[in-house]
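What follows is a short report on a single structure.
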Amino acid sequence: MLRTLKWIFIALLVLLATAAGWFWYTYKSPYGYHPAEPAMVDTRIPRQDVFVYGTLRQSWIRWLVTGRAGDSRPATLAGYRKQDLDVIADDEGQVDGEIISVTPDELRALDRYERVGVRYQRESVKLEDGGIVWIYRLIDQ
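Start counting the sequence shown at 1; every next residue gets the next number (UniProt numbering).
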């Protein structure tokens, strides 16, 4: 019994180390992410607002990606509708999401998480309340 528990514990440690290694390589390391043209980040602006409508609505995901969960506030993006992992233009649609305010370094971390230039593009949009924010949209393949 004790021997079985020992092997289960070792297997769990290996699984945890593998997951941690994958996360580091994918989101934190200088390897594995080389967009053809990185998105611009204006370091003169101390905080920028980002509209999130998917996984980044989860504070624990934001904490893993940026090192800070931060606060969010509800927002609505009119003229779009959510389709799978993207938002697409639709005059009658609206997407409910959240606004997060991030530093330039956190915006770079979000760009890496979203694979800007490879999978997503970051663009500015106008919200229903008139605010201008960044949003991540899938690149047409």
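Cβ atoms here follow ideal geometry from the backbone N, Cα and C, with glycine treated the same way. Source: prediction; values computed, not measured.
Subject >> Straight-line gap, L127 to A75 (C-alpha atoms, nearest Å) >> reply: Taking the straight line joining both Cα atoms gives about 8 Å.
Original post:
L110 and V41: beta carbons closer than 7 Å?
Top reply: Contact: no.
**OP:** Going by DSSP, name the residue or residues bridged to V51.
**Re:** Reading off the sequence, residue 51 comes out as Phe, not Val. In the DSSP output, where bridge partners are listed per residue, F51 has I99, I135.
**OP:** Quick one: grab the DSSP three-state call for T76.
**Re:** DSSP places T76 in strand when its eight states are reduced to three.
Subject >> Backbone CA spacing between S124 and I132 [nearest angstrom] >> reply: Straight-line Cα distance between these residues: approximately 6 Å.
**OP:** Use the C-beta contact count for G21: other C-beta atoms within 10 angstroms, 16 or more gives buried, fewer gives exposed.
**Re:** Exposed is the call here.
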